[in-house]
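Residue numbers (our numbering), protein chains in the order written: chain A, 43 to 373; chain B, 43 to 373.
The beta-carbon is built from N, C-alpha and C at its ideal position, and this holds for glycine as well.
Everything on this sheet refers to the single structure shown next.
Protein chains: 2
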Amino acid sequence: MNIKDIAKMCNLSVATISRVINNDPKVADSTRKKVLTAIDKYKFVPNITGRSLRTQKSNKILVLLPTMSNQFYSEIIQGIEETAEEKGYAILVAVTNLQEHQEIKYLHMLRMKHVDGCISLFNTLDSEAISSLAKNYPFVQCCEPTMGADVSSVEINNRQAVYDVVKQFINRGHKTIGMISGEYYKSSELGRETGYKDALNDFGLKFDKNLLVKNFYRYEDGSVGAKKLMSNNPKPTAIVCASDSLALGATSYLKSQGLIVGKDICVMGFDNTAITMYTSPTISSINQPRYDLGKESFKLLYEKLLDINSTNKKIILPYQIIHRESTGCKP
Amino acid sequence: MNIKDIAKMCNLSVATISRVINNDPKVADSTRKKVLTAIDKYKFVPNITGRSLRTQKSNKILVLLPTMSNQFYSEIIQGIEETAEEKGYAILVAVTNLQEHQEIKYLHMLRMKHVDGCISLFNTLDSEAISSLAKNYPFVQCCEPTMGADVSSVEINNRQAVYDVVKQFINRGHKTIGMISGEYYKSSELGRETGYKDALNDFGLKFDKNLLVKNFYRYEDGSVGAKKLMSNNPKPTAIVCASDSLALGATSYLKSQGLIVGKDICVMGFDNTAITMYTSPTISSINQPRYDLGKESFKLLYEKLLDINSTNKKIILPYQIIHRESTGCKP
DNA sequence: TCCTTCTATTTAAACGTTTACATTTATATT
DNA sequence: AATATAAATGTAAACGTTTAAATAGAAGGA
Numbered sequence: 043m044n045i046k047d048i049a050k051m052c053n054l055s056v057a058t059i060s061r062v063i064n065n066d067p068k069v070a071d072s073t074r075k076k077v078l079t080a081i082d083k084y085k086f087v088p089n090i091t092g093r094s095l096r097t098q099k100s101n102k103i104l105v106l107l108p109t110m111s112n113q114f115y116s117e118i119i120q121g122i123e124e125t126a127e128e129k130g131y132a133i134l135v136a137v138t139n140l141q142e143h144q145e146i147k148y149l150h151m152l153r154m155k156h157v158d159g160c161i162s163l164f165n166t167l168d169s170e171a172i173s174s175l176a177k178n179y180p181f182v183q184c185c186e187p188t189m190g191a192d193v194s195s196v197e198i199n200n201r202q203a204v205y206d207v208v209k210q211f212i213n214r215g216h217k218t219i220g221m222i223s224g225e226y227y228k229s230s231e232l233g234r235e236t237g238y239k240d241a242l243n244d245f246g247l248k249f250d251k252n253l254l255v256k257n258f259y260r261y262e263d264g265s266v267g268a269k270k271l272m273s274n275n276p277k278p279t280a281i282v283c284a285s286d287s288l289a290l291g292a293t294s295y296l297k298s299q300g301l302i303v304g305k306d307i308c309v310m311g312f313d314n315t316a317i318t319m320y321t322s323p324t325i326s327s328i329n330q331p332r333y334d335l336g337k338e339s340f341k342l343l344y345e346k347l348l349d350i351n352s353t354n355k356k357i358i359l360p361y362q363i364i365h366r367e368s369t370g371c372k373p
Numbered sequence: 043m044n045i046k047d048i049a050k051m052c053n054l055s056v057a058t059i060s061r062v063i064n065n066d067p068k069v070a071d072s073t074r075k076k077v078l079t080a081i082d083k084y085k086f087v088p089n090i091t092g093r094s095l096r097t098q099k100s101n102k103i104l105v106l107l108p109t110m111s112n113q114f115y116s117e118i119i120q121g122i123e124e125t126a127e128e129k130g131y132a133i134l135v136a137v138t139n140l141q142e143h144q145e146i147k148y149l150h151m152l153r154m155k156h157v158d159g160c161i162s163l164f165n166t167l168d169s170e171a172i173s174s175l176a177k178n179y180p181f182v183q184c185c186e187p188t189m190g191a192d193v194s195s196v197e198i199n200n201r202q203a204v205y206d207v208v209k210q211f212i213n214r215g216h217k218t219i220g221m222i223s224g225e226y227y228k229s230s231e232l233g234r235e236t237g238y239k240d241a242l243n244d245f246g247l248k249f250d251k252n253l254l255v256k257n258f259y260r261y262e263d264g265s266v267g268a269k270k271l272m273s274n275n276p277k278p279t280a281i282v283c284a285s286d287s288l289a290l291g292a293t294s295y296l297k298s299q300g301l302i303v304g305k306d307i308c309v310m311g312f313d314n315t316a317i318t319m320y321t322s323p324t325i326s327s328i329n330q331p332r333y334d335l336g337k338e339s340f341k342l343l344y345e346k347l348l349d350i351n352s353t354n355k356k357i358i359l360p361y362q363i364i365h366r367e368s369t370g371c372k373p
């Protein structure tokens with residue numbers, strides 16, 4: 043059942059059928075009604091491949107994900123999905139597992155016009171490659187803009203978020219504050235570290251490189267990180283982590299050492315994923331507006347879909363610091 | 043840059059170029075070499091839409107996911123992805139959020155031949171709809187086959203897994219064993235509950251409906267479930283949960299009541315997701331071979347891609363019971 | 001030489017749409 | 001009634017491939 047069959051059934055040309063399908067106003071009401079009934083009767087659905095070939099559009103966008111095993115991305119994708127659907131775009135999720143060759147492979151879909159655009163949550167390519175990509179294809183970075191790249195992006199102010207947290211710790215009297223971060227040397231990570239250092243500096247504490255440990259973002263890296271920090275002299279009384287998993291791993295180690303987290307020592311996570319509320323102690327965290335990060339990313343992408351030469355925008359969304367037991371809040 | 047351009051550059055017809063691309067042996071070695079150099083030189087990549095239109099194949103398969111916020115699926119998808127890639131298929135992940143209209147919308151991609159096949163991790167449609175779908179399109183269910191449907195599927199023996207766990211509990215002297223399950227009334231869930239009941243029955247304990255609580259699979263449902271179970275008389279000394287999140291929620295409640303989980307009461311999770319190792323106590327769990335579940339699913343799908351009339355197969359993969367602190371294993 | 005057989009290549013149609021342009025039909029204006 | 005204008009519809013090309021069928025060319029056999 044294709045457009046030709048419908049045309050035959052209605053004694054019309056395929057062009058008219060196509061016009062009805064595409065809501066072209068230049069078709070008589072009676073004809074339109076006739077066509078719609080036929081379409082309905084035969085449950086005709088236009089072949090998307092034929093349409094794509096002709097229009098040179100796929101009406102699909104690619105979402106590039108570093109990993110599938112992080113709760114954090116789930117709601118972002120939902121934000122993208124729902125906004126994209128309103129505009130008639132379907133989304134296609136691809137996982138790079140942080141591998142450059144995978145990233146290149148999937149980005150190829152963009153160059154092949156297999157998808158009309160891409161929202162990327164993590165890139166390994168350098169700023170030059172990203173800038174060039176963004177100049178030629180609709181491309182937006184979400185949460186993790188490549189530093190120095192000329193590209194539209196949406197994120198929170200990572201530096202400020204950690205700055206605020208450290209400032210709060212200092213105001214509460216903490217004199218030794220540690221940080222467990224990652225070592226991807228990416229924008230969000232460096233921002234968070236800068237916030238940490240700047241706050242120490244601005245409020246009279248000296249940055250000690252032994253109090254900033256860097257590794258991956260797994261639970262175990264949090265444990266190892268906490269162990270390292272606690273071997274310092276003086277020991278920290280508060281630890282800021284670059285993710286909730288790090289915070290959880292750290293908490294797990296601290297508890298194993300007989301410390302009461304939230305009383306003897308404070309721990310702050312990042313991302314406010316669901317797990318933070320179901321551990322003991324519950325983990326304080328910095329909330330990112332995940333749904334809106336996704337939503338705004340698609341909006342930016344949509345501007346590029348309409349006009350590839352539209353100017354690049356950098357959107358910064360607000361965050362919230364949420365205190366739970368791990369920073370001493372009563373349950 | 044399309045196949046025509048390459049043809050022109052090589053003074054050959056497009057047919058010959060196409061043959062080279064598709065490794066047709068009927069092309070002279072010298073010609074092949076010439077074409078390949080040109081393809082290489084101009085970085086030509088065949089347009090996938092044109093090819094799809096002509097071959098009526100998309101070389102894409104859809105993976106239908108109930109939710110993005112479950113660690114469990116991540117490795118399954120990787121198993122599908124890597125196996126699919128070997129056969130030249132790309133995968134497209136869609137999330138239904140358990141909504142039937144979303145499921146229908148995405149399954150439409152199958153009927154529209156927008157994708158060549160589908161592996162589904164969860165379906166709301168009834169057995170008749172699934173059987174009919176599977177008869178007409180390459181379709182495989184992974185982990186959650188629709189009961190009574192004639193369809194290829196891969197899963198573990200859920201009944202046996204819980205049966206074994208309960209049997210172990212009984213052998214260790216537990217006399218009152220509770221279960222926290224979901225209420226989707228799906229195959230895996232009912233299997234797990236049956237395993238629970240059967241084991242009680244086979245080893246001389248009587249099934250008490252107050253000791254089986256059903257709800258969703260969120261952390262909080264685990265907490266609420268545990269509370270309900272502990273209000274029973276006699277109180278359970280062991281609890282089997284239908285997921286790790288339920289187990290974690292339950293543990294969180296039990297601890298809040300001053301119980302030492304792993305000593306005063308045992309808790310068993312399900313799925314062996316990463317979190318189980320980073321909580322305290324660490325959570326015992328039933329491991330599903332996630333990567334292989336994905337891999338075998340694609341293999342089954344591939345059989346259907348080659349021959350839609352090939353017979354449906356039901357594959358059962360092995361599981362492992364992994365004891366950690368929550369069932370009394372020392373760290 | 002002529003025929004046969006095989007191999008390598010070309011030709012042209014097909015896949016299912018959309019759309020610029022052409023044509024027909026209806027309506028309004030004189 | 002004749003003409004101009006507007007509205008509705010049709011025609012045919014185009015998108016980029018693959019592939020059955022046709023053709024050309026080479027090699028071998030008589």
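Nearest-angstrom beta carbon gap, residue j and residue i [assumed within contact, 8 Å]
i: A:Ile-118; j: A:Gly-311; result: No, A:Ile-118 and A:Gly-311 are not in contact; Cβ-Cβ is about 17 Å, not under 8 Å.
i: B:Glu-186; j: B:Ser-229; result: 6 Å
i: B:Gln-113; j: B:Thr-315; result: 4 Å
i: B:Leu-257; j: B:Asn-274; result: In the sequence as displayed, the identity of residue 257 of chain B is Asn instead of Leu. Actually they are not in contact, since the Cβ atoms of B:Asn-257 and B:Asn-274 sit about 16 Å apart, beyond 8 Å.
i: B:Ser-287; j: B:Tyr-259; result: 6 Å
i: B:Ile-219; j: B:Val-282; result: 7 Å
i: A:Gly-246; j: A:Arg-201; result: Not quite, the Cβ-Cβ distance comes to about 19 Å (not below 8 Å), so this is no contact.
i: A:Arg-61; j: A:Lys-50; result: Wrong, their Cβ atoms sit about 16 Å apart, outside the cutoff.
Below-8 Å beta-carbon distance, residue i vs any chain B residue
i: A:Asn-333; result: The sequence given here places Tyr at residue 333 of chain A; Asn does not occur at that position. No, A:Tyr-333 lies away from the interface with chain B (no Cβ there is under 8 Å from its Cβ).
i: A:Asn-89; result: yes
i: A:Thr-318; result: no
i: A:His-365; result: no
i: A:Gln-113; result: yes
i: A:Gly-291; result: yes
i: A:Tyr-131; result: no
i: A:Gly-267; result: no
Endpoints, the beta strand (DSSP E) within which residue i is located
i: A:Ser-223; result: 219–224
i: A:Ser-287; result: Looking at the DSSP string, A:Ser-287 is not in any beta strand (DSSP E); the run it does join, the alpha helix (DSSP H), is 286–298.
i: A:Lys-102; result: 102–107
i: B:Ile-363; result: 362–364
i: B:Ala-132; result: 132–137
i: A:Val-255; result: 254–257
Beta-ladder partner(s) of residue i, from DSSP
i: B:Ser-55; result: B:Ser-55 is not bridged to any residue.
i: A:Phe-181; result: A:Cys-160
i: A:Met-310; result: A:Val-282 and A:Ser-326
i: A:Asn-65; result: Per DSSP, none; premise fails for A:Asn-65.
Residue-chain proximity (residue i, chain A), Cβ-Cβ < 8 Å
i: B:Ile-48; result: no
i: B:Ser-327; result: no
i: B:His-143; result: no
i: B:Met-205; result: According to the sequence as given, residue 205 of chain B is Tyr; it is not Met. No, B:Tyr-205 does not count as interfacial toward chain A.
i: B:Val-135; result: yes
i: B:Ile-119; result: yes
i: B:Thr-369; result: no
i: B:Ser-162; result: no
i: B:Thr-321; result: yes
Limits of the unbroken alpha helix (DSSP H) element including residue i
i: B:Met-272; result: 261–272
i: B:Ala-126; result: 113–128
i: A:Ser-322; result: Run containing A:Ser-322: none; DSSP gives neither H nor E here.
i: B:Ala-241; result: 229–244
i: B:Asn-200; result: 200–213
i: A:Ile-146; result: 142–153
| task | May I ask you to verify whether the region 352–365 of chain A touches the region 147–165 of chain A, counting CB pairs closer than 8 Å and requiring at least 3? | result | no
Would you say the region 234–243 of chain A touches the region 163–183 of chain A, given that touching needs at least three Cβ pairs under 8 Å?
no
Check whether the region 350–359 of chain A and the region 296–310 of chain A are in contact - that is, three or more C-beta pairs closer than 8 Å.
no
Would the region 250–263 of chain B and the region 284–293 of chain A be scored as touching if the rule is three or more Cβ pairs under 8 Å? no
Across the region 80–96 of chain A and the region 83–92 of chain B, are there enough close Cβ pairs to call them in contact, namely three or more that are closer than 8 Å?
By the criterion of at least three beta-carbon pairs nearer than 8 Å, the region 80–96 of chain A is in contact with the region 83–92 of chain B.
**OP:** Count the C-beta pairs between the region 189–198 of chain B and the region 331–345 of chain B that are closer than 8 Å, then say yes if the count reaches three, no if not.
**Re:** yes
*the region 121–139 of chain B contacting the region 67–84 of chain B, beta-carbon criterion three pairs below 8 Å*: no
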